[in-house]
Structures are given as C-alpha cells and as structure tokens.
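What follows is a set of notes on a single structure, which appears directly below.
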Amino acid sequence: MAERYQQRSKDLEDVKSEFSTYLGRTQPGATAVLHELQRLLPIALIAVAVFLWLISLPVVKPRDMTDIGLLSVLPVTYYLGLIVLTASFSYTVFRHAEWRWLLFLHVLTFIVMIHATPAILYGTLRYSWAWKHVGITDYIMRHGSVNPNIDFFNAYHNWPGFFALNALITQAAGLSSALDYASWATLFFNLMFFGALLTIYRSLTTDSRLIWLSVWFFFLTDWIGQDYFAPQSFGYFFYLVIIGILLRWFAIRRQRRSLDQTMPIPAHPRRGLWGWLAERISEPVEGPALAPAQRVLLLAIVIVLMASIVFSHQLTPFMLLSALLMLVLFGVIYPRSLPFLMGVMVLAWVFFVATPFTGQNLNSMLSSFGTVKSNVSGNLINLHEASTGQVVIAIMGRGLTLMVIFLAAAGFLRRLRKGHFDLAAMLLVVIPFPMLVANNYGGEILFRIYFFALPFMAFFLSGLFLPTQESGRSLVAPVLSALLSVGIIVAFLFAYYGKEKQYYFTPEEVAAANYLYGNALPGSLLIEGTGDYPARFRNYELYTYVPIDLEPTEAKAQIIANPASEMQRWMGNRQYPAAYIFITRSMMAEVNMVGSMPAGSLESITRKLMDSDKFKVLYSNQDAVIFVLKDRGP
Amino acid sequence: MKMERMDLSWLLPVALMVAGLLTALVVLTGIFPLPRLVLVFAFLFLGPGLAFARLLPADDIFARVTLSIALSLGIDAVVAMILLYMDAWSYQNILLIIVGITLLGSILQISHPREPETVQEERE
Chain X
4 MAERYQQRSK DLEDVKSEFS TYLGRTQPGA TAVLHELQRL LPIALIAVAV
54 FLWLISLPVV KPRDMTDIGL LSVLPVTYYL GLIVLTASFS YTVFRHAEWR
104 WLLFLHVLTF IVMIHATPAI LYGTLRYSWA WKHVGITDYI MRHGSVNPNI
154 DFFNAYHNWP GFFALNALIT QAAGLSSALD YASWATLFFN LMFFGALLTI
204 YRSLTTDSRL IWLSVWFFFL TDWIGQDYFA PQSFGYFFYL VIIGILLRWF
254 AIRRQRRSLD QTMPIPAHPR RGLWGWLAER ISEPVEGPAL APAQRVLLLA
304 IVIVLMASIV FSHQLTPFML LSALLMLVLF GVIYPRSLPF LMGVMVLAWV
354 FFVATPFTGQ NLNSMLSSFG TVKSNVSGNL INLHEASTGQ VVIAIMGRGL
404 TLMVIFLAAA GFLRRLRKGH FDLAAMLLVV IPFPMLVANN YGGEILFRIY
454 FFALPFMAFF LSGLFLPTQE SGRSLVAPVL SALLSVGIIV AFLFAYYGKE
504 KQYYFTPEEV AAANYLYGNA LPGSLLIEGT GDYPARFRNY ELYTYVPIDL
554 EPTEAKAQII ANPASEMQRW MGNRQYPAAY IFITRSMMAE VNMVGSMPAG
604 SLESITRKLM DSDKFKVLYS NQDAVIFVLK DRGP
Chain F
1151 MKMERMDLSW LLPVALMVAG LLTALVVLTG IFPLPRLVLV FAFLFLGPGL
1201 AFARLLPADD IFARVTLSIA LSLGIDAVVA MILLYMDAWS YQNILLIIVG
1251 ITLLGSILQI SHPREPETVQ EERE
C-alpha cells in the first residue's frame, strides 16, 4: 500500500515536472510579450500626457490671467495631462520599480510640464528678482569687479559667486545679457535637483520604489519657488549634492563594512546615546567601495562645492554648516573635520571678505535673534489686505506645507514602527528649523526652512506608503498614493502658479523697462509704483530707486490722495539730474493682489498724473507708462 | 570563455581635450557665434566635471552626470571668483584656466586608465 502510494506520488511529480518543462518551453515568449505590453502602457501614457500638455500651450493667453495666476488660463487638457502622468507613475513605481528609465521619464515629464510651461508661454523672464539678478551679472560684466560698499543690493556684491559664474558664461558665450538664457534656469535647476535627490535617496534606502516615490513627492510639494535664476537655487543644488556625496560615500556604517577596502575604522567605537542612535542609521545600504584616489577626489569636490556655497549665498552656508555638524555629531558621516572646515570658511568670508555688509547689518541680524514670533509672522502675507484669489492661494500654500509636515511625521513614525530609524533623514528634516530663532531672512525664513527640510520630508511622506520592502504590494498603496498625488498637485498648482499675474511681464512692459534703462540719465531718480517689474537689469547702479509701495503708510496715503503735488515735490529735487515715474501692469497686479496699497491705487495715481498739467508722458504703451515733470525735463 | 572589450577609455578624455581647445579657439577669436554658444554652454556645464568623472565612484549615470555638472559649475565659479577678487577679471583668461584644468583631468584619465572590463561569455 505504502509502495503504491509512493509510486503514485512519484508519477504525479513526474507529470508536474513534465508540465513545468512544457510551460518553461512555451511560457517565456508569452510572458515576454505580456511584459513588453506592460512596459508599453506607461510609455503610451507618458506620450498622452505630453500630447495633452503640448496641445494646451497654444491656447493659453498669459495676459488674461486673474488673481489666481496661471490656473485661470490653463485649459482642462493641461490638468488631464498631469492626471494621466500621475496615474501612470503610481502604477509604474508600485508595480515595476525596476524600470528605472521609465520612472525617470515620468519625473522628467512632470518637471518639464510644470517648469518649462511659463518659459514657453511668456517668452520673457518671469519674476522681478530674476531681472535684478541679471542686473548684478550685468554689473560684473561691465566693471569686471564688484562693489561691496554699493548702496543697492550690497549683499549680492558681498556674495557674488553666482553672478560671477553667470558673467563668465554670458561673456564667453558671446551674449549681451544673461536674459538670453535666464528664463530656462528654473527648468535647469529642477533637473539638477532631480539628479542630486536620486543620489541622496539611494543612500537612505535600497527600496527602488521608495527612492522614486520620494523624488516624485519632492517635485509635487516644492511650491516655494526658489528654483529660478538666483543664488539660492545654485546654493541649494550644491547643498543637495554635498549631502548626497556624504551620505552615499562617507556614511560611517559603510566605512566600517569596507574595512578591507583601505578605509580607516573610527578609532573609538561610539558609545552612549549617540552611539546607539548611530547604530540605527537608516537602511544599511552597501555602496561601491571607495579607492583612496576616489575618496580624495570626492572630498575635493565637496570642498569646491562648499567654497562655492560660501561665496555665493548668505543662508545656505549656515544650513550646510548645521547639517554637517549634526551629521558628524550623531556619527552619521565622516570626516569629522568637515564641519570645522566649513565653519572656518563661513566665518572667514563673513568677517574678512563680506565685512562691508556684515558691518552694516550685524546689529539688525543680532536684534532679530530670538524673536521667533516676528521671524515667523514676517513671512506671511496679510490675508485681510490680499485679494480673494490671493487668500485662496495663501491658504493652499500654507495648507500644503502643513499637510506635508503632518504626513512626513506620520511616515517617520510608521517606518519607525516597522523597524526603520532613519536617523540621517530625520536630522536633515529637523536641522533647518532652529533658523527660525536666528533670523527672519528678509521675511522669507519660514519658506527657506521648508525648502531645506523638504527632500527629507518627501522621503518620510513616501515612507507612509512604503514603510518596508514588503509593503505596498496590494492595490491600496498605489491607489492611495495616486489620490494623494492628485490632491497635492491641485494645492501645488495654486501655490506655485498662483502669483503668476504679478510674476509675468508682457513684452510691452519689457520694452518700457528697456526704454527707461536705455534713456534715463545716469544719477536719475526712478520712482517705481512697486519693485515688481523687469527691474534693475541694466546699468542698475546708475540710479536711485524709490518704490512708492514701500513708503510709510502716511506718505502713501498722501501720494494716493494728491499724486501730482507729491511727485512734483519729489521730482523737483535737484540732487538728481532727472527724475522719472514708472508704472506698469505688473505693479498694479501686485498692489491689487497683495494689498501693499489700497486696490486701484496705482491706477488712480496714473490717471491723476495723466490729467495733471505738471507732468508729461515720456513713454507709454498698453502695459506701462513713464512720466517726467514738464518744467524740468530729463 | 573570457573576452576582452576594446579599450575605449581614451575616447572621453580626448574628446574633452578637443572640446576644450575648440571652445577656447571660438571664444578667443570670436568666430562662429552659434557654435560658440553651444560649445561654451556644453563645455562650462560639463567639461571640467567630466574630465574627473571617470575617477568618480558613481554607480549610475544619474549620479555621474549630476556630479559632473556640479563639479563643472563649482570649478567655473571658483576660478571666476579668484580672478574677480584679484581684480583680474577676464572671461578669456578664466576660460583658459578652466580649459587647463580640463586638460589636466583628461591627461590624468589617460595616464591612469581603468582596468579593461571583462565579460564572461557563457557556453551553451
């Protein structure tokens, strides 16, 4: 009986084996076809998204924007394209994370759809500060030097690295101004952030899904707008690269494991709380072992990038210094001398090179130290003064920020419960926040803190869906992730595109600004409605600027009530060889949206000056007007 | 059976040296505006970094390209700043120094070639 049973079992195994062999012969072809079809699906969806985006662009009229910015003029096909892309990404990242090139294409497409759109639609450089940065570049091109004691923008003359680099690029390329390429800086910097983030996330986890989902969520939640032609974007890119290099190739756990690869082991094993924490660093990722020459070269790169940050931007060096200090103190990275080196470089620059700026501003910097409440409140627009659309935009931005912080905290806790204590990422989330105590950074510190913490908050946000390698296999995680992505994209579009009415400059505004800077006499007084126009991009140091909206409240009230006599008094000042009043569409948009003056103030001032017999119009087109005094003349 | 791949490691450094010299030529002579624009952007954004990229441990193309661009811009910025603060600003001289650094990195690559990679061909 037992023999018969054994024989039947053997027969059954043989049949199974033969069937498996048969399947093995026939299945691969079918599986391969199915596999290829599965791969074609995301490619087709990306193509659909790109098609929808491309057919959206020709119908957009930026001039028609309302106070919710680009959202008011983008057609439904644009949003459909983003939804298709999101669905395709969610499917691919959760089901086929091994298709790295496809995931790369998804993120690339998203970046292009978001960040190339304004450059393509406008045809002019967006955002007034970008124009001002072109102006500093222009200064270096003309003078071959900087003037650290200059009245306007002296911070830029004390941290001129970014501008020197652009002066070099512009002159070497034979261009007359950085304006020729500055519109594409936003796309460029986002692509650079992309590469740097991949390096960082690969050092934090081996889970390919988590890496790509983190990248995705970073770009969905980076609504701050610090990605334009600016030293901050430049410094931030280098910050990410430095953190990526250090976490990937100079993490202490890897150093220990690579003992046989010529790497030194720390002289004293870590003890106490820090040692306990250090033992729990993130995922124990094994990276390529470093040869001594590679280690030297990587450290040389880090030092070159550190130096570039130190002489290019005021805030980023301190963010990097804090990050290096904490990562070294908690035993996450080596060499331990890096924070010391960075500290010496920062202090040397601040106190021995940028002395004109430091001397002028040290007191105000010290006085804002510790004033957390004012440092925070200085960052937010007054919702009572803003237009309805801007209130919605502000709420969306604030809501998105709070949601990211909340979801990131939840993701951190979820991963912690599953046994992942992501010390490095946690430290890098926390490190920027003490800056709130230190300074208000011109009313922007809150946003910069979010910006620097964001890569690691995006990692934890993704960790909410993928706390372990085994999680996220069911349908729930991809569906929830896709739904959350769509929700975030809605908030992101409001927050990121919501101020475009004031950031966009029409060709007519640019023509007027060109006329002004091409014809105004050196030493003239330029009275601006606000600073929001294609401003100070040429010969900027030759003029004195007075934006009306920055005047004290009483002075503004007097100007609005009686602009002709007030302006006549200002412009009659013989200290200046000539005086001009410049008012544009974008200035009016800013005033009416943000509420720096009562809505309609600049329109009213323009009308009254037009009606006044004391002023004449020197130049005008449909979006801008330049006034001069009749009896003085430029 | 072990097959040795053709050693093409000299190709990139040689291409970089040629690109550097061409860039210097078009910038110093001011001829060919369009090629000048393309060459200058490509060279300043990638050249110096790629000259050292072969020595980097990056294990994927994304990291390698990002590091190359970051290093290129870093070197460009440092050289530009040094000449700016020496009151010796000259974009031609800055470019020549950067070309020199690129040549140095390229020569290093050629003089320290990586071991030729081998592939194991499986016998059926």
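From first to last, the protein sequence lines stand for chains X and F. FYI, the working numbering numbers position 610 of the first sequence as 613, with every residue one higher than the one before it. FYI, the working numbering numbers position 14 of the second sequence as 1164, with every residue one higher than the one before it. All C-beta atoms, glycine included, are put in the ideal place defined by N, C-alpha and C.
* Asked: If you measure from the beta carbon of residue 1225 of chain F to each beta carbon in chain X, is any gap under 8 Å?
  -> Here residue 1225 of chain F is taken as the residue at index 75 of the second sequence, counted from 1. Yes, because at least one Cβ of chain X sits closer than 8 Å to the Cβ of residue 1225 of chain F.
- Query: Cβ of residue 164 of chain X less than 8 Å from any chain F Cβ?
  - Reply: Residue numbering aside, residue 164 of chain X sits at position 161 when the first sequence is read from its first letter. Closer than 8 Å: yes.
| Among X:232, X:240, X:181 and X:233, the one whose alpha carbon lies nearest that of residue 201 of chain X | Walking along the first sequence from the start, residue 201 of chain X turns up at place 198. Per the Cα distances, X:240.
Under 7 Å Cβ to Cβ from residue 339 of chain X, same chain only, skipping five residues before and after it: list those, please. Your numbering for residue 339 of chain X matches position 336 in the first sequence. Here the set comprises 331.
Checklist entry - On the three-state DSSP scale, how would you describe residue 1267 of chain F? => result As a working note, residue 1267 of chain F is residue 117 in the second sequence. Confidence at residue 1267 of chain F is low in this model, with a pLDDT of 43, below 50, so its placement is unreliable and the value that follows should be read with caution. Note: residue 1267 of chain F maps to coil in three-state DSSP.
(Q) Does residue 1243 of chain F pass the burial test, meaning 16 or more other C-beta atoms within 10 Å, or should it be called exposed? (A) Your numbering for residue 1243 of chain F matches position 93 in the second sequence. It counts as exposed.
- Item | chain F contact residues for residue 202 of chain X, given Cβ-Cβ distances below 7 Å | Your numbering for residue 202 of chain X matches position 199 in the first sequence. Within chain F, the residues near residue 202 of chain X are 1213 and 1216.
Which first and last residues belong to the alpha helix (DSSP H) in which residue 1244 of chain F is found? The sequence position of residue 1244 of chain F within the second sequence is 94, counting from 1. Looking at the DSSP string, the run of the alpha helix (DSSP H) that includes residue 1244 of chain F is 1241-1261.
- prompt: Are there 16 or more other CB atoms within 10 angstroms of the CB of residue 110 of chain X, so buried, or fewer, so exposed?
  reply: Along the first sequence, read from residue 1 onward, the residue named residue 110 of chain X stands at position 107. Looking at its Cβ environment, which holds 16 or more other Cβ atoms inside 10 Å, residue 110 of chain X is buried.
task: Identify every residue that forms a DSSP beta bridge with residue 630 of chain X.
output: Along the first sequence, read from residue 1 onward, the residue named residue 630 of chain X stands at position 627. The partner list for residue 630 of chain X (beta bridge, DSSP) reads X:584 and X:620.
For the putative contact between residue 74 of chain X and residue 334 of chain X, defined by C-beta atoms under 8 Å, what is the C-beta separation to the nearest angstrom? Locating residue 74 of chain X in the first sequence gives position 71, counting from the first residue. Locating residue 334 of chain X in the first sequence gives position 331, counting from the first residue. So it is not a contact: roughly 47 Å between Cβ atoms.
Which partner residues does residue 531 of chain X have in the DSSP bridge list? Within the first sequence, numbered from 1, the residue matching residue 531 of chain X stands at position 528. Paired residue(s): X:550 and X:585.
Does residue 198 of chain X come within less than 8 Å of chain F when only Cβ atoms are used?
Position 195 of the first sequence, counting from 1, holds the residue named residue 198 of chain X. It does: the Cβ of residue 198 of chain X has a partner Cβ on chain F nearer than 8 Å.
Checklist entry - Are the C-beta of residue 1186 of chain F and some C-beta of chain X separated by less than 8 Å? => result Working through the second sequence from its first residue, we reach residue 1186 of chain F at position 36. Closer than 8 Å: yes.
In chain X, what lies closer than 8 Å to residue 1183 of chain F by C-beta?
Your numbering for residue 1183 of chain F matches position 33 in the second sequence. Near residue 1183 of chain F (Cβ distances below 8 Å), the residues of chain X are 177.
For residue 548 of chain X and residue 281 of chain X, the rounded distance between their alpha carbons
Translated into positions along the first sequence, residue 281 of chain X becomes position 278. Translated into positions along the first sequence, residue 548 of chain X becomes position 545. Its pLDDT being 48, under 50, residue 281 of chain X is placed unreliably in this model, and the value from its coordinates should be taken loosely. Each residue's Cα considered, the two are about 53 Å apart.
Subject >> C-alpha distance - residue 113 of chain X paired with residue 236 of chain X, whole-angstrom precision >> reply: Taking the first residue of the first sequence as position 1, residue 113 of chain X is located at position 110. Taking the first residue of the first sequence as position 1, residue 236 of chain X is located at position 233. Their Cα atoms are separated by approximately 19 Å.
Report task. Can you check DSSP and say which residues form a bridge with residue 254 of chain X? Result -> Within the first sequence, numbered from 1, the residue matching residue 254 of chain X stands at position 251. Answer is X:336.
Please name the residues in the stretch 1239-1266 of chain F whose beta-carbon is closer than 7 Å to at least one beta-carbon of chain X, in chain order. 1239, 1241, 1244 and 1245
Are there 16 or more other CB atoms within 10 angstroms of the CB of residue 425 of chain X, so buried, or fewer, so exposed?
Taking the first residue of the first sequence as 1, we reach residue 425 of chain X at position 422. The residue in question, residue 425 of chain X, is buried, as its Cβ has 16 or more Cβ neighbours within 10 Å.
Original post:
Interface residues of chain X around residue 1197 of chain F at Cβ under 7 Å?
Top reply: Translated into positions along the second sequence, residue 1197 of chain F becomes position 47. Ordered by position in chain X, no residue passes the 7 Å Cβ test against residue 1197 of chain F, which lies about 12 Å from the chain.
(message) According to DSSP, simplified to helix, strand and coil, what is residue 189 of chain X?
(response) If you number the first sequence from 1, residue 189 of chain X lands on position 186. Helix at residue 189 of chain X.
Between residue 167 of chain X and chain F, is the shortest Cβ-Cβ distance under 8 Å, so that the two count as touching? By 1-based counting over the first sequence, the position of residue 167 of chain X is 164. Yes, because at least one Cβ of chain F sits closer than 8 Å to the Cβ of residue 167 of chain X.
query: Going by DSSP, which residues form a beta bridge with residue 1173 of chain F?
result: Here residue 1173 of chain F corresponds to residue number 23 of the second sequence, with the count starting at 1. DSSP, once it has assigned bridges, lists no residue as partnering residue 1173 of chain F.
With burial defined as no fewer than 16 other Cβ atoms inside 10 Å of the residue's Cβ, what is the status of residue 265 of chain X: buried or exposed? Start at 1 with the first residue of the first sequence, and residue 265 of chain X comes out as number 262. Legend: pLDDT at residue 265 of chain X = 34, less than 50; position of this residue unreliable, no value from coordinates given.
**OP:** Please report how far the alpha carbon of residue 1278 of chain F lies from the alpha carbon of residue 1220 of chain F, in whole angstroms.
**Re:** This structure gives no information on residue 1278 of chain F, because the portion of chain F shown stretches from 1151 to 1274.
query = Can you name the start and end residues of the alpha helix (DSSP H) that residue 408 of chain X belongs to?
reply = Taking the first sequence and counting its residues from 1, one reaches residue 408 of chain X at position 405. Run containing residue 408 of chain X: 391-420, per the alpha helix (DSSP H) assignment.
- Between residue 1173 of chain F and residue 1191 of chain F, what straight-line distance do the alpha-carbon atoms span, to the nearest angstrom? Counting from 1 along the second sequence, the entry for residue 1173 of chain F is found at position 23. Counting from 1 along the second sequence, the entry for residue 1191 of chain F is found at position 41. Going by the C-alpha atoms only, they are around 10 Å apart.
Let me know if residue 47 of chain X comes out buried or exposed under the rule of 16 or more other beta-carbons within 10 Å of its beta-carbon.
Indexing the first sequence from 1 puts residue 47 of chain X at position 44. So residue 47 of chain X counts as exposed.
- Task: Tell me whether residue 303 of chain X is buried or exposed, calling it buried when 16 or more other Cβ atoms sit within 10 Å of its Cβ.
- Result: Start at 1 with the first residue of the first sequence, and residue 303 of chain X comes out as number 300. Residue 303 of chain X should be labelled exposed.
* To do: May I ask you to list, following chain order, the residues of the stretch 204-216 of chain X that have a beta carbon less than 9 Å from some beta carbon of chain F?
  => 205
Comparing the C-beta of residue 1190 of chain F with each C-beta of chain X, is any distance below 8 Å? Mapped onto the second sequence, residue 1190 of chain F falls at position 40. Yes, residue 1190 of chain F lies at the interface with chain X (some Cβ there is under 8 Å from its Cβ).
**Asked** Are the stretch 76-89 of chain X and the stretch 34-54 of chain X in contact at 8 Å, needing three or more beta carbon pairs?
**Response** yes
Next on the checklist: Taking 8 Å as the threshold (beta carbon to beta carbon), is residue 1228 of chain F in contact with chain X?
Outcome noted: Taking the first residue of the second sequence as position 1, residue 1228 of chain F is located at position 78. Judged by the 8 Å Cβ criterion, residue 1228 of chain F is in contact with chain X.
- Residues near residue 1247 of chain F by beta carbon distance below 6 Å, same chain, minus five either side: Position 97 of the second sequence, counting from 1, holds the residue named residue 1247 of chain F. Excluding sequence neighbours, residue 1247 of chain F sits near 1229.
Exercise for the section: Select from X:65, X:148 and X:155 the residue whose C-alpha is nearest the C-alpha of residue 120 of chain X. Expected result: Taking the first residue of the first sequence as 1, we reach residue 120 of chain X at position 117. Taking only the C-alpha atoms, the option nearest residue 120 of chain X is X:65.
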